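Peer 1: Sharing a structure, written as structure tokens. Questions coming.
Numbering (the numbering used here), first residue to last: -13 to 110.
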């Protein structure tokens, strides 16, 4: 694996990556989530989730092959516990699903001390 790294200002990176996802049919929110996660991965040296790899995987397994559904809406299913949510992600972009789940867990933890989101039909 190459050890050459090219530094791109984060704003330029995020605009470019978001535009690439948007062109593939993802919503602006999904595109921005994908760019945000790719930037964090690159910042931490995690090459498996940087923008180039993420876009390649989306082409091979995601929206390019009908595996991921751009703009999919998360459906919340019934749960017996107020600190547990069950979602059907309908193959929504994984980065967006993850950020929404994280936000929901934090919100529930503020109330209950813990928050759990179980996701069915996740893409990645």
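Quick reminder that beta carbons are idealized off the backbone N, C-alpha and C, glycines included. Being a predicted model, the structure only gives us computed values, none of them experimental.
Contact between the region 97 to 106 and the region 32 to 41: three or more CB pairs below 8 Å?
Peer 2: In short, these stretches do not touch, since the Cβ pair count stays below three.
Peer 1: Let me confirm a value: residue 59 is counted as buried when at least 16 other C-beta atoms fall within 10 Å, else exposed. Which label applies?
Peer 2: Exposed, by the Cβ-count rule.
Peer 1: Do residue 5 and residue 18 have their beta-carbon atoms positioned less than 7 Å apart in this structure?
Peer 2: No, the pair does not count as a contact, with Cβ atoms beyond the cut-off.
Peer 1: Spatial neighbours of residue 83 within its chain, please: C-beta separation below 8 Å, excluding the five flanking residues on both sides.
Peer 2: Cβ neighbours of residue 83 beyond the five flanking positions: 60, 73, 75, 105, 108, 109.
Peer 1: Going by DSSP, name the residue or residues bridged to residue 74.
Peer 2: Answer is 61, 106, bridged to residue 74.
Peer 1: Using alpha carbons as the reference points, say which of -5, 53, 10, 68 lies closest to residue 78.
Peer 2: It is 53.
Peer 1: Using a 10 Å radius around the Cβ and a threshold of 16 neighbouring Cβ atoms, would you call residue 14 buried or exposed?
Peer 2: Flag for residue 14 reads exposed.
Peer 1: In whole angstroms, give me the CA-to-CA distance for residue 91 and residue 100.
Peer 2: Answer to the nearest angstrom: the Cα atoms are 7 Å apart.
Peer 1: Measuring straight from C-alpha to C-alpha, what distance separates residue 94 and residue 67?
Peer 2: Approximately 11 Å between the Cα atoms of the pair.
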